[in-house]
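In what follows, a single structure is set out as structure tokens and then discussed.
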Amino acid sequence: MPLPDAEAAFESLAKKIQADADRDFSLIGIHTGGVWLAERLHQELGIKQPLGTLDVAFYRDDFDKIGLHPQVKPSEIPFAVEGAHILLLDDVLQTGRTIRAAINELFDYGRPASISLAALVDRGGRELPIAAQYTGITLELPADKMLELRRDENGKLSFHLYDKNLPE
Amino acid sequence: MINRNPQLDEHGALQHLLTTEGLPASVLLHILDTAESFVGVTERDVKKIPLLRGKSIFNLFFEPSTRTRTTFEIAAKRLSADVFNLNIAVSAQSKGETLLDTVNNLSAMNADMFVVRHSQSGAAHLIAKHVQPDIHVINAGDGSHAHPTQALLDMFTIRRFKQDFRNLRVAIIGDILHSRVARSQIHALTTLGVPEVRVIAPKTLLPKMVERLGVHVYHDMAKGLKDIDVLMMLRLQNERMKGANLPSPEEYFKYYGLTPEKLSLARRDAIVMHPGPMNRGVEIDSEVADGKQSVILPQVTFGIAVRMAVMSILAGNQV
Chain E
-6 MPLPDAEAAF ESLAKKIQAD ADRDFSLIGI HTGGVWLAER LHQELGIKQP LGTLDVAFYR
54 DDFDKIGLHP QVKPSEIPFA VEGAHILLLD DVLQTGRTIR AAINELFDYG RPASISLAAL
114 VDRGGRELPI AAQYTGITLE LPADKMLELR RDENGKLSFH LYDKNLPE
Chain X
119 MINRNPQLDE HGALQHLLTT EGLPASVLLH ILDTAESFVG VTERDVKKIP LLRGKSIFNL
179 FFEPSTRTRT TFEIAAKRLS ADVFNLNIAV SAQSKGETLL DTVNNLSAMN ADMFVVRHSQ
239 SGAAHLIAKH VQPDIHVINA GDGSHAHPTQ ALLDMFTIRR FKQDFRNLRV AIIGDILHSR
299 VARSQIHALT TLGVPEVRVI APKTLLPKMV ERLGVHVYHD MAKGLKDIDV LMMLRLQNER
359 MKGANLPSPE EYFKYYGLTP EKLSLARRDA IVMHPGPMNR GVEIDSEVAD GKQSVILPQV
419 TFGIAVRMAV MSILAGNQV
């Protein structure tokens, strides 16, 4: 099936966030795709404060089922979460479980003034009461398909679709 | 496979951590990489994550050890596990209960993990072979055999300060003969690709045919320390000093104690490590222990993160 253009989706997302740029967001990207988005946005919006990165592996709810994620990356938040207006960035929003984990992790750093969510794609299928304030595009996909964001060596973003139960 | 490593399951996933011997580099590196993320957790205000919530970890210490037991306890608590410390030296075993009966009883209390320290080599292996497949065992030191988490935290410290293992000269200095730490270090260093591992010790403190482990043997600090990047000191145990292995602590310090003068024979950017507790004035001079090249206290900090990594990888590898 034809997949949407990830670059166009990013532009659409960036525009929506830019409209609220006076809100003085602190950016945090969720590994790995969300970090790419946060890096681009950080540059394009000219945000001075350094951006944070979050790997939610230690807060996931499927540890008892699948164990520890094989490549955990360090979470790094180079600013005080306490009192900050945080904008979380993730590539694909589906069940909402990753966002639940991210929110829990953030609260172990401090009590933010607010947390908003920006997702490049909202593909539906929510299992938790979570919604994005900013969405690049919305997409209907069969549940057994995995949508993945990739970044090539020139920094260009693209979508890839594959069967959930099969390795690529 | 008949000779499968008892620490790995049929898919090569780590089920127990008993020794660094025979573990592939990929498993060692996965532990070190995971520990990097736990260092961040231990630097936060809230030093706790919910990963092992509801899991029961038993510290079975058949040999007294305050420090190692405490680091395992801190690691488990930061993972939100429930930790139970059993000081077996003064409990059931002194009433005549066998090792495996003790383990059976604790398993019946739904233990998820055992951390075992024992004066007999092979004790942790014995327990690992005996327990149900959903229980994991970590060796926290068995006799003079192995102390894998110490070796892993040493590898983590080396990587933090020296980045790459593949261009290093490392010297292990002191009582190699009785040291479980040294054995675990040697296996880990060679597996991770350190091209030159030296041991420096008097003949009476070296095991026979130690060269077979792939190390170069030196009896003289001046020769052995030349071009060295990493110095791994070993603790000289009091009982060895009194025994026939050594004339006196003073004599040992004169030839093998790490003084600023001896350290200056190594590379200028060499780091000094020690597993603790230190005998100042016996194997190491205070000026070196507290000096700029010492990474002894970072070793302690990293030890927590490395033990958190081992515990969470094991707990996640369910059959």
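So the protein sequences, as listed, match chains E and X.
Each residue of the first sequence is one higher than the last, beginning at -6 in our numbering.
Each residue of the second sequence is one higher than the last, beginning at 119 in our numbering.
Glycine included, each C-beta is placed from N, C-alpha and C at the ideal position.
A quick note: this is a predicted structure, and the numbers were derived from the prediction, not measured.
Three-way DSSP call (helix, strand, coil) for residue i in this model
{"i": "E:E141", "result": "strand"}
{"i": "X:I290", "result": "strand"}
{"i": "X:F156", "result": "helix"}
{"i": "X:I431", "result": "helix"}
{"i": "X:D272", "result": "helix"}
{"i": "X:M119", "result": "In this predicted model, X:M119 has a pLDDT of only 45, less than 50, meaning its place in the structure is not dependable enough to derive any value."}
{"i": "X:S144", "result": "helix"}
{"i": "X:H243", "result": "helix"}
{"i": "E:E161", "result": "Legend: pLDDT at E:E161 = 44, less than 50; position of this residue unreliable, no value from coordinates given."}
{"i": "X:G259", "result": "strand"}
{"i": "X:N205", "result": "strand"}
{"i": "E:T46", "result": "strand"}
{"i": "X:M426", "result": "helix"}
{"i": "X:L343", "result": "coil"}
{"i": "E:G76", "result": "coil"}
{"i": "E:A12", "result": "coil"}
{"i": "X:V390", "result": "strand"}
{"i": "X:D127", "result": "coil"}
{"i": "E:H153", "result": "strand"}
{"i": "X:H254", "result": "strand"}
{"i": "X:A264", "result": "strand"}
{"i": "E:L(-4)", "result": "coil"}
{"i": "X:S297", "result": "coil"}
{"i": "X:I192", "result": "helix"}
{"i": "X:R162", "result": "coil"}
{"i": "X:D151", "result": "helix"}
{"i": "X:V348", "result": "strand"}
{"i": "X:I167", "result": "coil"}
{"i": "E:I59", "result": "helix"}
Residue(s) in a DSSP beta bridge with residue i
{"i": "E:Y127", "result": "E:A111"}
{"i": "X:N177", "result": "X:N203, X:V233"}
{"i": "X:K370", "result": "With the sequence shown as reference, residue 370 of chain X is identified as Tyr, and Lys is not the correct amino acid for it. Partner(s): none; X:Y370 has no beta bridge."}
{"i": "E:D83", "result": "E:A112"}
{"i": "X:V335", "result": "X:V317"}
{"i": "E:L20", "result": "E:L80"}
{"i": "E:E4", "result": "Paired residues: none, contrary to the question."}
{"i": "E:E69", "result": "E:T46"}
{"i": "X:S412", "result": "X:V390"}
Whole-number beta carbon distance between residue j and residue i, since they are thought to touch under 8 Å
{"i": "X:G292", "j": "X:E401", "result": "5 Å"}
{"i": "E:L81", "j": "E:L110", "result": "5 Å"}
{"i": "E:L142", "j": "E:L113", "result": "7 Å"}
{"i": "E:I123", "j": "E:I108", "result": "About 11 Å separates the two Cβ atoms, so there is no contact after all."}
{"i": "E:T46", "j": "E:H24", "result": "6 Å"}
{"i": "X:V233", "j": "X:A241", "result": "So it is not a contact: roughly 12 Å between Cβ atoms."}
{"i": "X:M350", "j": "X:M396", "result": "X:M350 to X:M396, Cβ: 13 Å. No contact."}
{"i": "X:V167", "j": "E:F100", "result": "In the sequence as displayed, the identity of residue 167 of chain X is Ile instead of Val. Between E:F100 and X:I167 the Cβ distance is about 12 Å, and since that is not below 8 Å, they are no contact."}
{"i": "X:T138", "j": "X:L126", "result": "Incorrect: roughly 13 Å between the Cβ atoms, too far for contact."}
{"i": "E:A73", "j": "E:G103", "result": "6 Å"}
{"i": "X:L80", "j": "X:T322", "result": "Residue 80 of chain X lies beyond the residue range present for chain X, which begins at 119 and ends at 437; the question has no answer from this structure."}
Burial state of residue i, where buried means 16 or more other Cβ atoms lie within 10 Å
{"i": "X:Q250", "result": "exposed"}
{"i": "X:R122", "result": "exposed"}
{"i": "E:I59", "result": "exposed"}
{"i": "E:D115", "result": "buried"}
{"i": "X:V424", "result": "buried"}
{"i": "X:S144", "result": "exposed"}
{"i": "X:S366", "result": "exposed"}
{"i": "X:M119", "result": "Low local confidence applies: a pLDDT of 45 at X:M119 is under 50, so the model's placement there is unreliable, and no value is given."}
{"i": "X:Y373", "result": "exposed"}
{"i": "X:L197", "result": "buried"}
{"i": "X:E379", "result": "exposed"}
{"i": "E:D83", "result": "buried"}
{"i": "X:K173", "result": "buried"}
{"i": "X:V315", "result": "buried"}
{"i": "X:M227", "result": "exposed"}
{"i": "X:V164", "result": "exposed"}
{"i": "X:L415", "result": "exposed"}
{"i": "X:S155", "result": "buried"}
{"i": "X:G523", "result": "It is not possible to answer for residue 523 of chain X, since the shown part of chain X is limited to 119 through 437."}
heavy atom of the ligand ATP below 7 Å from residue i C-beta
{"i": "X:L136", "result": "In the structure on display, the ligand ATP does not appear, and there are no ligands present to speak of."}
Query raised in the report: According to a CB-to-CB cut-off of less than 8 Å, which residues of the segment 64 to 94 of chain E neighbour chain X?
Result: Q64, V65, K66, P67, S68, E69
Query raised in the report: Using Cβ-Cβ distances below 7 Å, what residues of the segment 177 to 198 of chain X are close to chain E?
Result: none
Query raised in the report: Name the residues in the segment 130 to 164 of chain X whose C-beta lies less than 9 Å from a C-beta of chain E; which are they?
Result: A131, H148, D151, T152, E154, S155, F156, V157, G158, V159, R162, D163, V164
Report task. Closer than 7 Å, Cβ to Cβ, to anything on chain E: give me those residues from the segment 375 to 407 of chain X, in chain order. Result -> The residues in question: there are none.
Report task. Could you please tell me which residues of the segment 40 to 56 of chain E, in chain order, have their CB closer than 9 Å to any CB of chain X? Result -> D48, A50, F51, Y52, R53, F56
Report task. Quick one: which residues of the segment 14 to 29 of chain E get their C-beta closer than 9 Å to a C-beta of chain X? List them in chain order. Result -> none
Query raised in the report: Any residues in the segment 287 to 319 of chain X with a beta carbon nearer than 7 Å to a beta carbon of chain E? Which ones, in chain order?
Result: none
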